[in-house]
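> Provided herewith is a single structure, encoded as structure tokens, for subsequent inquiry.
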Amino acid sequence: MTNTWEQRKLGDIAEITMGQSPAGSTYSDYPTKHILVQGNADLKNGWVYPRIWTTQVTKQAYNGDLIMSVRAPVGAMAKTSYDVVIGRGVAAIHGNEFIYQKLVSMCENNYWSKMSCGSTFESINSNDLKSAEFSVPLEDEQSRIGSFFSELDQLITLHQRK
């Protein structure tokens with residue numbers, strides 16, 4: 014790891030899609046056409062956990078995308094191994110493991126809580142997300158760092174099960 018890191022905005026290094034909720038009449042508690050990710054309740058142990066479905070496609074995230082809660086609790090992160098419909102409580106980020114780990118770290122350090130707005134509950138918007146800046150290395154180095162932290166997460170999870 015000898016390359017210089019650069020300050021970059023998230024919106025410049027990853028594609029971000031803000032969610033849009035389908036009509037309530039299209040929801041189902043039973044598996045139908047599309048998994049609906051509405052917010053933190055649909056994120057469990059770093060992964061999308063299907064609990065509600067919809068027949069209406071509004072905005073989507075795809076297998077491998079990162080999902081971030083943009084409403085209380087702001088910044089909660091997960092990955093999806095499904096193609097899903099995303100509601101207005103989340104955003105989809107087409108990014109790599111390095112970006113995922115960086116966003117998890119930002120959440121743990123209360124970065125999003127400090128910038129969130131709303132008197133009833135915290136929230137952030139598209140501009141907040143796209144303008145978030147952090148240091149990034151070249152893509153090859155991002156891949157190596159992301160893999161390292163992913164393996165570390167798996168090891169921690171394994172030990173927690175014991």
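Sequential numbering from 14 applies to the sequence shown in our numbering.
Even glycine gets a Cβ: it sits at the ideal position worked out from N, Cα and C.
(1) Mind the definition here: the segment 135-155 touches the segment 165-173 only if three or more C-beta pairs lie below 8 Å; say whether that holds.
(2) At which residue ranges does the segment 84-163 contain complete beta strand (DSSP E) runs of 3 or more residues, listed in the order of the chain?
(3) Identify whether residue 48 lies in helix, strand or coil by the three-state DSSP scheme.
(4) Does the separation of the CB atoms of residue 111 and residue 59 fall below 8 Å?
(5) So residue 80 is in the beta strand (DSSP E); what residue range does that whole segment cover?
(6) Rounded to the nearest angstrom, what separates residue 147 and residue 19 at their Cα positions?
(7) So who's on the other strand from residue 38, going by DSSP bridges?
(8) Keeping to the same chain, check which residues put their C-beta closer than 8 Å to that of residue 40; ignore five residues upstream and five downstream.
(9) Excluding sequence positions up to five away, which residues of its chain have a Cβ less than 6 Å from the Cβ of residue 56?
(10) Which residues in the same chain have their Cβ closer than 6 Å to the Cβ of residue 113, if we skip the five residues on either side of it in sequence?
In this structure, then:
(1) no
(2) 90-92, 97-99, 103-107, 146-149
(3) Residue mapping note: residue 48 aligns to position 35 of the sequence shown, counting from 1. Here residue 48 carries a strand assignment [DSSP, helix/strand/coil].
(4) As a first step, residue 111 must be located in the sequence shown, where it is residue number 98. As a first step, residue 59 must be located in the sequence shown, where it is residue number 46. Against a cut-off of 8 Å, the Cβ pair of residue 59 and residue 111 comes out as no contact.
(5) As a position in the sequence shown, residue 80 is number 67, starting the count at 1. Residue 80 -> beta strand (DSSP E) spans 79-82.
(6) For the purposes of this step, residue 147 is taken as the residue at position 134 of the sequence shown. For the purposes of this step, residue 19 is taken as the residue at position 6 of the sequence shown. Rounded to the nearest angstrom, the two C-alpha atoms are 8 Å apart.
(7) Walking along the sequence shown from the start, residue 38 turns up at place 25. Looking at the DSSP assignment, residue 38 forms no beta bridge with any residue, so it has no partner.
(8) If you number the sequence shown from 1, residue 40 lands on position 27. For residue 40, where only same-chain residues beyond five positions count, the Cβ hits under 8 Å are 49, 65, 66, 67.
(9) Here residue 56 refers to the residue found at position 43 when the sequence shown is read from its first residue. 89, 91.
(10) By 1-based counting over the sequence shown, the position of residue 113 is 100. Correct list, in chain order: 79.
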